Amino acid sequence: ETLYFDEMASGFTRLQQDARDFIALLRHFGLPLDPHFQPTVVLTVDQVIDLVTTVFQGLAQQVRLKPKVAESLEEKRRCLLKAAQQIQKDQVILSTRVQSSLGTFLVRLQRLPDKLNPVIRPLMESIRREESPLLQEDSAHSLVRLMDSCVERVPCPNSKIVRNLLGYLCSDPNLASVASTAALSTALPQLASILTLVNMQKLAERAPVRRSGSVSGGGRKGSLQTSQSVESVDDSNGLDDESAQRQNEIQRRGAAQVLSLAAEHFGAALPERLPSLWEATVEPLLRRRNSDDSAETASTGGGATHNGEGEGQAASAEAQELVMTLQTLEVIGPHLHPKLHSKLDATLLPLCAALDNLSPLVRHLASRCLGMMARVRTEPTMALVVDQVLSKLGASDDDIQRRGAVEAIACVIEGLSLRVVPYLVFLVVPVLGRMSDQDEAVRLMATHCFAALVRLMPLDGGGIDAVGGNLSAELRERRATERHFLEQLMNARHADNYELGVPINAQLRSYQQEGVNWLAFLNKYRLHGILCDDMGLGKTLQSICILASDHHQREQLYKESQRTDAKPLPSLVVCPPTLTGHWVYEVEKFVSSRYLRPLHYTGPPMERARLQDKVRKHNLVVASYDIVRNDIDFFANIRWNYCILDEGHIIKNGRTKLARALKQLQANHRLILTGTPIQNQVLDLWSLFDFLMPGFLGTERQFAQRFSRPILQSRDAKSSSREQEAGVLAMESLHRQVLPFLLRRVKDDVLKDLPPKIIQDYYCELSPLQVQLYEDFARSRAKKTVDDSVAGAVAEDQPVNSHATAHVFQALQYLRKVCNHPKLVLNTQHPEYSRIMAGLDQSGSSLSDINHAAKLRSLRQLLLDCGIGTATQPEQESVVHAHRALIFCQLKGMLDIVEKDLLLTHMSSVSYLRLDGSVAPGQRQALVQRFNADPSIDVLLLTTQVGGLGLNLTGADTVIFVEHDWNPMKDLQAMDRAHRIGQKKVVNVYRLITRGTLEEKIMGLQKFKLTIANTVITQENSSLNTMGTDQLLDLFTLDSNRSKGATGARVGDGMEPAQNSAGPSRVGMKGVLENLPELWDSSKYDSEYDLGNFLSTLKPK
1 ETLYFDEMAS GFTRLQQDAR DFIALLRHFG LPLDPHFQPT VVLTVDQVID LVTTVFQGLA
61 QQVRLKPKVA ESLEEKRRCL LKAAQQIQKD QVILSTRVQS SLGTFLVRLQ RLPDKLNPVI
121 RPLMESIRRE ESPLLQEDSA HSLVRLMDSC VERVPCPNSK IVRNLLGYLC SDPNLASVAS
181 TAALSTALPQ LASILTLVNM QKLAERAPVR RSGSVSGGGR KGSLQTSQSV ESVDDSNGLD
241 DESAQRQNEI QRRGAAQVLS LAAEHFGAAL PERLPSLWEA TVEPLLRRRN SDDSAETAST
301 GGGATHNGEG EGQAASAEAQ ELVMTLQTLE VIGPHLHPKL HSKLDATLLP LCAALDNLSP
361 LVRHLASRCL GMMARVRTEP TMALVVDQVL SKLGASDDDI QRRGAVEAIA CVIEGLSLRV
421 VPYLVFLVVP VLGRMSDQDE AVRLMATHCF AALVRLMPLD GGGIDAVGGN LSAELRERRA
481 TERHFLEQLM NARHADNYEL GVPINAQLRS YQQEGVNWLA FLNKYRLHGI LCDDMGLGKT
541 LQSICILASD HHQREQLYKE SQRTDAKPLP SLVVCPPTLT GHWVYEVEKF VSSRYLRPLH
601 YTGPPMERAR LQDKVRKHNL VVASYDIVRN DIDFFANIRW NYCILDEGHI IKNGRTKLAR
661 ALKQLQANHR LILTGTPIQN QVLDLWSLFD FLMPGFLGTE RQFAQRFSRP ILQSRDAKSS
721 SREQEAGVLA MESLHRQVLP FLLRRVKDDV LKDLPPKIIQ DYYCELSPLQ VQLYEDFARS
781 RAKKTVDDSV AGAVAEDQPV NSHATAHVFQ ALQYLRKVCN HPKLVLNTQH PEYSRIMAGL
841 DQSGSSLSDI NHAAKLRSLR QLLLDCGIGT ATQPEQESVV HAHRALIFCQ LKGMLDIVEK
901 DLLLTHMSSV SYLRLDGSVA PGQRQALVQR FNADPSIDVL LLTTQVGGLG LNLTGADTVI
961 FVEHDWNPMK DLQAMDRAHR IGQKKVVNVY RLITRGTLEE KIMGLQKFKL TIANTVITQE
1021 NSSLNTMGTD QLLDLFTLDS NRSKGATGAR VGDGMEPAQN SAGPSRVGMK GVLENLPELW
1081 DSSKYDSEYD LGNFLSTLKP K
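Residue numbers (UniProt numbering): 1 to 1101.
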């Protein structure tokens, strides 16, 4: 008779009632049920299970039921079976706990019966099934005491117990069978040869499933997440039944507890008192060391057949034994007595040999064991790593050796964590050499290792002397050489002085020479970086210096040695179309054609096809981003010496066709030039480094998990103190990791003789017509749609969807145009067009009257204040004015209005040039040179998109922004066209802002984004002014309390918001900010958001 525990009484009673109801239902529908199934009989759980499986299936075959009846019976059958199985499971759990507690009681009393099976079996069941870690650990202690008591017993059960425990430990099919790696190879072929990469990828893929409020910082600082075993991250190859998978995890945990406790309990006597465990763990590796034949079989695997042959094949019985041995060693190694460490050291050579095994699983487990050994026996393990593992890393003819070595180094870095710091000097350069490996898996793993080491470099203060006594003279010399490398990597000012091998027609400033030294250091060690000096500090000149010098050195070396790795290769400069001519001009200006022969690769497709034949006659090709993207098949087939991306922040979105195309380029050296490496968010930096060193910051998903998500969560007004701390740590970690590959100097620090730049906000009062249009919008259906979209997102605590974003985007575009000029929105489709035009006709006015546009009136007055133009007769005007101005607009249409309605109509004496998209890229540099050289030209009209990048416009000392960009970096780039080397005058920057409108509030958004960029690049951990949903909606209203004073200028920091934008951060605003594209790109407006359709929604609500 089965006895049930009181804890199960209610569940058992409910089961009996359900069983009676099911029996009654079967009889009601006429199924011939066996007579012993009576409503009054108490059924056991086994009988209930038999009823709903075997008996029911037999009855269903005998009687044909209606579909609805059969469906109802099937549903009740499933519920009854589930309840019975749960009762059965609970009964087993409670029985196991009671019996294991009795066994523990007997063991501790030291009153063991003659037959041990009644004691051993419940303890082993507890190790297998107990879900509570505390109870399982208690059973593990008792089992170890039992084995100790049975050492002298004949027959001794210990060997059988150990054998079962090893089976539990290695119960997962993914680790128990080497053949399972074939499935991994199918799922992730590019990573499967190094299983640590598989684990890292799977962990990153799982991360988004976690609760959004939790912060995943990526584990210990300075370590790679390699300690997770394959079974813990590989869902696709695990058991289909989740409960069975859980059962495997429980018994592996229990077995690991028993074996670890046994190693500690038996101490130095483990080999004598528990020989079965010692023989299963250490002895197989010692036998491999003593047997040359076995070692060669396990390690070389045929030498020449290493390169991928046999990967994922079914392993031999010897390899299966090795898998079990390595798993067990990893578990008990940290718990062995110090007196056994000498024997443990003897396993180092076999472990090193196992790194060459053909099986990725064996290599993975051997690497993890070396990571464990590095923790337990640091000095002998690191001596082996430096002497032998690093030499395997340099085996250029053997992919298997390099895969095993780089995975071992990853596990050692993780195992040692901060204790790896004294050995950084040995690991960095060899790992660095494999970052350009031809094998993708090796390359990615090496990049991850290098990233982990770079984060720890600031901690290296020369403490290697503590272990220096164990190093050979050769290693001491190598340490000194490579320490010098670390000093240069961590501080650009420590880079060796680089003497240019070619004459440069310029006198380099001291900071420019330092920049060239840093570029030469990157060149020497095949590193790649971002030169992100402030705009106007000569990034182009520094790049030309290293380009010309390296090309000359390669040519000389090739002439002397004929080495294939020194064969001259062309270089490629990719830049915005406006700058292609500028680059060619600068190269020809600073360097003789003997050293650099630039080819301006531009024109229509037929012309470019002709130029492709000329590439071999030039050693430098200059092309625009769009042309490289269009002709990527041509550019990707050439091996370049240098690939330089000028204004490289253009590829900040790694998912664009342009970014994907540029990442196909092959180059020995990759360099990005930008004054603004981060424009909107931290993720911008990932895309840049994915071009420079793919894998250095992980995959995009891994980067988001480790850096972006914690940083963004910490900025949320609802974030906890724990999340804020995680955000700070993530920011600091990112800063340490990228710092060696970024060189940034700002003008205030290096150009003491550069005149100051004064940014002034020049406020304008909207005209009555503009106020009317602005307020009409506030009463329109369009405004209500925006309110509903954003408010709905806030209520649901979800990001704003793309449909809502479209409404917001259209509204921002419309109001921006209202602030600029009514002419930009008033057309025949506007619902108020007829009424407004009739009113203007009545008053004898027109839309072209500058009195209807606040900015045109202000711009005219500003130019007059600067001495440009005159209100009197043109003949009284001097030929050359004291000031010259750059006037920037976002929209080409607004530039047309400034030219026709203001300059040509009211200021005809002003001489001007115009630079926008209508000027062919090849002619833009000539126009710039004409403006700089001719002081009689008063004004240069530009669009920010065309004239805001890379140009040298020091001929002007006044910069006027008629419109403003939501991205602050674009405005900064544009104003520094005049504020750069060569400027002799104070540069005044005026920003025309319509008071009380969205423009004034956009300044707050500029401040928001600028702080993110400064935090990463300059490590100024200032807080962000987060934007709330109430402020987003406020953008669409005209402030009623705006000042009514006269138009005037306010001097101040141009990056400060015109009004303080403090407020609660909510998901609606964040969603809009994250989903909006570049705010002022008119081509996107015209193509994606049709203004005509939007105008139809401007009718009153």
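Think of the CB as a built atom: it goes at the ideal place given N, C-alpha and C, for glycine as much as any other residue.
Quantities reported herein were computed from a predicted structural model and do not represent experimental measurements.
| Asked | Found |
| --- | --- |
| Quick check on the DSSP output: the alpha helix (DSSP H) that includes N158 runs from which residue to which? | 158–169 |
| Using a Cβ-Cβ distance cut-off of 8 Å, determine whether L261 contacts chain D. | The structure shown contains no chain D, having only a single protein chain. |
| Report the residue from A811, Q737, L73, I937 whose alpha carbon sits nearest the alpha carbon of F696. | Q737 |
| From the DSSP secondary-structure annotation, give me the bridge partner or partners of D529. | Per the sequence presented here, residue 529 reads as Gly, with Asp not at that position. G529 is bridged to L671. |
| So, helix, strand or coil for C369, using DSSP? | helix |
| Just tell me which of G727, M457, G948 has its CA closest to the CA of P422. | M457 |
| CB-CB under 6 Å to S223, same chain, minus the five flanking residues each way: which ones, in chain order? | In this predicted model, S223 has a pLDDT of only 34, less than 50, meaning its place in the structure is not dependable enough to derive any value. |
| What are the residues that DSSP puts in a beta bridge with P755? | For P755, which the question treats as bridged, DSSP gives no partner whatsoever. |
| Ends of the beta strand (DSSP E) at L886? | 885–889 |
| Go through its chain and collect everything with a Cβ distance to N505's Cβ below 6 Å, but skip five positions before and after it. | F590 |
| Determine, using beta-carbon pairs with one atom in the stretch 425–436 and one in the stretch 492–503, whether at least three such pairs fall under 8 Å. | no |
| Which residue wins for smallest C-alpha separation from I672, given the options H551, G698, I644? | I644 |
| In whole angstroms, give me the CA-to-CA distance for V389 and I409. | 8 Å |
| When DSSP builds the beta bridges, which residues end up paired with H600? | V622 |
| Give me the DSSP bridge partner(s) of C643. | L572, R670 |
| At the level of alpha carbons, what is the spacing between C764 and H821? | 12 Å |
| Taking buried to mean at least 16 other C-beta atoms within 10 Å of its own C-beta, is Q713 buried or exposed? | buried |
| In this structure, what does DSSP give as the bridge partners for L51? | Note: L51 sits in no beta bridge, so no partner. |
| Sort out for me which residues DSSP pairs I960 with in a bridge. | I887, Y990 |
| Near L949, what residues of its chain come up, given a Cβ to Cβ distance below 7 Å and the 5 sequence neighbours on each side ignored? | P576, T578, L579, E647, Q973 |
| Under 8 Å between the Cβ atoms of E903 and L915? | It should be noted that the sequence gives Leu, not Glu, for residue 903. Going by C-beta atoms, L903 is not nearer than 8 Å to L915. |
| Would you kindly work out how many angstroms separate the C-alpha atoms of R670 and I711, rounded to a whole number? | 28 Å |
| Please return the same chain residues whose Cβ sits closer than 7 Å to the Cβ of Y625, not counting the five positions on each side in sequence. | V574, P576, I650, L658 |
| If you check the beta carbons only, do R688 and I530 fall under 8 Å apart? | It is Leu, not Arg, that sits at residue 688 in the sequence shown. For L688 and I530, yes; Cβs fall inside 8 Å. |
| Thinking A19 and L80 are a contact (beta carbons under 8 Å), I'd like their distance in whole angstroms, please. | 7 Å |
| Counting C-beta neighbours from all protein chains within 10 Å, is the total for D234 16 or more, i.e. buried, or is it exposed? | For D234, the predicted structure reports a pLDDT of 40, less than 50, and the residue's modelled location is therefore unreliable. A value from the coordinates is still provided. When all chains shown are included, D234 counts as buried. |
| From what residue to what residue does the alpha helix (DSSP H) around T943 run? | Element bounds for T943: not the alpha helix (DSSP H) but the beta strand (DSSP E), 939–943. |
| Thinking C-alpha only, which one of K202, D399, S767 is nearest L847? | S767 |
| Determine the extent of the alpha helix (DSSP H) in which L557 is found, giving its start and end residues. | 539–561 |
| Put L743 into one of helix, strand or coil per three-state DSSP. | strand |
| Measure the beta-carbon distance from S193 to A441 and round it to whole angstroms, keeping in mind my assumption that it falls under 8 Å. | 5 Å |
| By Cβ distance below 6 Å, which residues in the same chain neighbour C369 in space, the five residues on each side in sequence not counted? | L326, L329, E330, L351 |
| For L479 and V425, which I take to be in contact (beta-carbon distance under 8 Å), what is that distance rounded to the nearest angstrom? | One detail in the question is off: residue 479 reads as Arg in this sequence, not Leu. Sure, about 5 Å apart at Cβ, within 8 Å. |
| Determine, using beta carbons only, whether P755 and V587 come nearer to each other than 8 Å. | no |
| Please classify S396: does DSSP put it in a helix, a strand, or coil? | coil |
| On a CA-only basis, which of Q247, N967, S721, G675 is nearest L742? Give me that one, please. | G675 |
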